[in-house]
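Structure first, commentary second.
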Amino acid sequence: MITVMKFGGTSVGSPDALQRVANIIIASEGEKVVVVSAMSGITNFLVEATEHGTIEKKQEILDQFDKKHMDVATQLFNDEQMKEFMIDYTIRFERFKNLILDDNSSNDHFYKDNVTSQGERFSSLILSHLLRSLGTKSVALTSEDCGIAAEGRPLSGYAVLKKTEAMMTINVKPYIDAGIVPVITGFYGINEDGKPLTFGRGGSDYSAAIIANTLNADLLEIWTDVDGFMSADPRIIPEAIRIDEMNFGEAAELAYFGAKVLHPRTIEPVRMKHIPLKVRNSFKPEEPGTLIHHLRKTKDELLRSVAIKTDLSIIAISSAEIAFHPKMVARIIEKIAENDVIIYSISTSLSTVAFLVHNNDVKTTLMKLNSLNPKDIERIEVKSDVALVCAVGDNLLAKCGVSGDIFTAVKEANANVEMISEGASDVSLNFVVPMAKVTDVVKILHNKYVGGDIQ
Ligand code: ASP
Ligand code: MG
C-alpha cells in the first residue's frame with residue numbers, strides 16, 4: 004500500500020512543526036512518499052525577490068534565505084547530522100546563488116518559475132535529513148530528479164501525466180521498493196526544455212496528486228493546518244462543521260469556489276485513478292479530517308457545504324440579437340481570454356452576454372472590450388462588489404424543488420439574485436448576490452439546509 008503524504012507550508016514552517024510532521028510520517032504504515040511545500044512565508048519572499056535588481060539587494064535576499072533555513076537546520080541536527088546535511092545543502096544553495104546573481108538568467112521566460120520554486124528544494128532537504136536523523140531511510144528528490152513533466156505558460160503549468168508516469172517508474176519507484184522514503188519538492192515540474200515550471204500558487208497539492216496518480220498510489224493525504232473541508236467558512240458561521248466525507252465532484256467545486264483548503268486542480272489526477280484523498284490537520288493528527296472518494300453514503304441533508312467567493316463583478320455586454328451571432332460571443336470571450344482572466348460564470352440572453360470576474364480584473368477586461376468594433380456593441384455595464392455563493396450537495400440538482408428551497412432562503416435574506424449557474428455533475432448550484440447580503444444568505448442557507456437544523 005503506497006500513501007502519498009503532502010505537507011503544506013505551515014506544517015513544515017518551524018523546527019517544531021517539522022518534528023511533528025516527521026512523527027506523523029514515521030507512525031504511518033506501509034510505503035510512503037512525501038511531498039512538501041516551501042516553509043511558510045518563503046514563496047512570498049521569493050516572489051518579491053524576483054523584483055529586485057541591485058547586487059546589494061540580491062545578496063541580502065540570499066543571506067536572508069540562507070539564514071532562515073540554516074536556523075531551522077541547526078535547531079534540528081547535531082554536529083554529525085549537520086555535516087551530512089551541509090553536503091547536500093551547499094550543492095542546492097550554490098545553484099540558487101548562481102541563479103540569483105547571474106544577470107542573464109532574469110531574461111529567461113521561466114525565470115520567475117525558477118526562483119519561486121527554490122523554497123521547496125530546501126524544505127524537502129531538511130525534512131528528508133530529519134527523517135534520516137530519526138532512523139528512517141529517506142532521500143530528498145527534486146522535480147528534476149523525479150522527471151515530473153510539465154507544459155504550459157510561465158507560472159501556470161500543468162502536468163503531462165503519461166510522460167511523468169514513465170519517469171516516476173524509473174526514478175522514484177526503486178526507492179519505494181527498497182523501503183526508502185522519498186521526500187519530493189511540490190509546486191513545479193520541468194518543461195520540455197528542462198526548465199522549472201510552477202503550477203500556480205498553492206500548487207504543491209496538485210504536485211502531490213500528480214505523484215499519487217503516476218505512482219498508482221492507494222491513498223493521497225493532504226496534511227494542512229485546518230481540520231478538513233468545512234460546511235461553511237467558520238469566520239462567517241461559527242457553528243460550521245467539518246465534513247467527514249465527500250465525493251470528488253463536491254470537493255472539486257468547493258475547492259474551486261472559495262474553500263481554500265485545496266488547490267482546485269488536485270482532484271482530477273486522483274479522481275481519474277479512483278485514489279481516495281484525505282485532508283488532515285498536521286497540528287491535530289488525532290482528528291480524522293475529510294475523506295474524499297468516489298462513493299459516499301447519502302445523508303438526508305440538502306446541502307453539504309456553502310462556499311462563497313467575494314469581490315467579484317458582473318460585466319454585461321449588450322448587443323442586438325447577440326444570441327444569433329455566436330461569432331460575436333466568441334470574439335468577446337477571446338478578448339477577455341487575452342488577459343488570462345478567470346471567468347467564474349457566463350450567462351446569455353437574447354441581447355446580452357454577462358461575465359463574472361474578479362473586481363481587480365474589471366479594468367483590464369474593459370480595456371480589451373473597448374478594442375472591439377463599436378458598431379457591434381451597444382452598451383457595457385459593470386456591477387461591482389457582488390459575491391458568488393456556491394451551494395454544494397450530493398446529487399443536488401436531481402432533487403425536486405431544490406432551487407425553490409434555496410431561493411426562498413435567499414429571499415429571506417432580502418437579496419436579489421444577479422446571476423445563476425450550475426456546477427458540474429449535479430453537485431452544485433451557484434448564484435450571485437450583492438456583497439452586502441452574502442453573509443446573511445450563507446447564514447440562512449447553512450441554518451436551514453446543512454447537516455440538519457443546527458440553530
Ligand atoms: N510554496 C508554493 C506557494 O506558496 C506552493 C504551495 O505551497 O503549495 O504557493
Ligand atoms: Mg496550500
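Letter 27 of the sequence shown, counting from 1, is numbered 30 in this note's numbering, and no numbers are missing. Idealized CB from N, CA, C, for every residue including glycine. These numbers come from a predicted model, not from an experiment.
*Let me know the alpha helix (DSSP H) ranges lying completely inside the region 101-174, each 4 residues or longer, listed in chain order.*
Residue ranges of uninterrupted alpha helix (DSSP H) with 4 or more members, entirely inside the region 101-174 and ordered along the chain, are 114-119, 121-136, 146-149 and 164-174.
*Taking all protein chains shown into account, decide if Ile-457 is buried (16 or more other Cβ within 10 angstroms of its Cβ) or exposed.*
In this predicted model, Ile-457 has a pLDDT of only 35, less than 50, meaning its place in the structure is not dependable enough to derive any value.
*Where does Ala-390 fall in DSSP's three states?*
Note: Ala-390 maps to strand in three-state DSSP.
_Can you tell me whether Ser-126 is buried or exposed? The criterion is at least 16 other CB atoms within 10 Å of its CB, across all chains shown._
By the neighbour-count criterion, in which 16 or more other beta carbons inside 10 Å mark a residue as buried, Ser-126 falls on the buried side.
*Please check the pair Leu-294 and Leu-130, which I expect to be a contact at CB under 8 Å, by giving their CB distance rounded to whole angstroms.*
Going by Cβ atoms, the distance from Leu-294 to Leu-130 rounds to 25 Å, so no, they are not a contact pair.
*What is the DSSP secondary structure of Ile-457, counted as helix, strand or coil?*
Here the model assigns Ile-457 a pLDDT of 35, short of 50, so the residue's position is not dependable, and the following value carries that caveat. It is coil, neither helix nor strand.
*In whole angstroms, what separates the C-alpha of Ala-412 from that of Leu-375?*
40 Å
_Rounded separation between Gly-407 and His-449 - CA only_ = 16 Å
*Taking the C-alpha atoms as reference points, what is the distance between Asn-342 and Arg-156?*
13 Å
*Gly-292 Cβ short of 8 Å to the ligand MG heavy atom set*: No, the ligand MG has no heavy atom inside 8 Å of this Cβ.
*Use the C-beta contact count for Met-422: other C-beta atoms within 10 angstroms, 16 or more gives buried, fewer gives exposed.*
By the 10 Å Cβ count, Met-422 comes out buried.
_At a threshold of 8 Å, does Gly-44 count as lining the ligand MG (C-beta to nearest heavy atom)?_
no
*Hey, how far is the Cα of Glu-425 from the Cα of Asn-362?*
22 Å
*Are there three or more Cβ pairs, one per stretch, closer than 8 Å when the region 351-365 is compared with the region 222-235?*
no
*So is the beta-carbon of Ala-20 under 8 Å away from any non-hydrogen atom of the ligand ASP?*
no
*Could I get the ranges of all uninterrupted beta strand (DSSP E) runs contained in the region 368-455, with 3 residues as the minimum, in chain order?*
382-395, 422-425 and 431-437
*If we ignore side chains and look at the alpha-carbon of each, how far apart do Asp-379 and Lys-9 end up?*
50 Å
*Flag this pair as touching only if the region 167-187 and the region 233-247 have three or more C-beta atom pairs under 8 Å; answer yes or no.*
No contact exists between the region 167-187 and the region 233-247.
_My output table needs one value for Thr-46: the three-state DSSP class, helix, strand or coil._
helix
*In the DSSP assignment, find the unbroken alpha helix (DSSP H) run with Leu-257 in it and report its ends.*
251-259
*asked:* Excluding the 5 residues flanking Ala-254 on each side, which residues of the same chain have their C-beta closer than 6 Å to its C-beta?
replied: Ile-270 and Ile-295
*Below 8 Å on the Cβ atoms is my guess for Leu-372 versus Val-435; work out the distance and round it to an integer in Å.*
That belief does not hold up - the Cβ atoms of Leu-372 and Val-435 are roughly 20 Å apart, past 8 Å.
*Asn-101 versus Lys-61 - alpha carbon distance*: Between the alpha carbons of Asn-101 and Lys-61 lies a distance of about 11 Å.
*asked:* Going by the DSSP bridge assignment, what does Gly-284 pair with across the sheet?
replied: Position check: residue 284 holds Asn in this sequence, whereas Gly was assumed. DSSP, once it has assigned bridges, lists Thr-227 as partnering Asn-284.
*What are the residues that DSSP puts in a beta bridge with Ser-350?*
Answer is Ala-357.
*Where does the unbroken beta strand (DSSP E) through Leu-294 begin, and where does it stop?*
From DSSP, the beta strand (DSSP E) with Leu-294 extends over 293-296.
*What do you get for Pro-329, buried or exposed, if any count of 16 or more other CB atoms within 10 angstroms of its CB means buried?*
exposed
*In the DSSP assignment, find the unbroken alpha helix (DSSP H) run with Pro-267 in it and report its ends.*
That residue, Pro-267, is in no alpha helix (DSSP H); it is neither H nor E in DSSP.
*Hey, is Phe-190 close to the ligand ASP, as in C-beta under 8 Å from one of its heavy atoms?*
Checking the Cβ of Phe-190 against the ligand ASP gives yes.
*Can you give me the Cβ contacts of Leu-79 inside the same chain, cut-off strictly under 6 Å, excluding the 5 residues immediately before and after it?*
Pro-18 and Leu-133
*Sequence-distant residues of the same chain with beta carbon closer than 6 Å to His-72, five excluded per side*: Phe-125
*asked:* Any contact between the region 319-337 and the region 389-397? By contact I mean 3 or more CB pairs, one from each, below 8 Å.
replied: no
*Name the two residues that bound the continuous beta strand (DSSP E) containing Ala-235.*
Neither: Ala-235 is in no beta strand (DSSP E) and is coded neither H nor E.
*The beta strand (DSSP E) with Thr-6 in it runs from where to where?*
5-10
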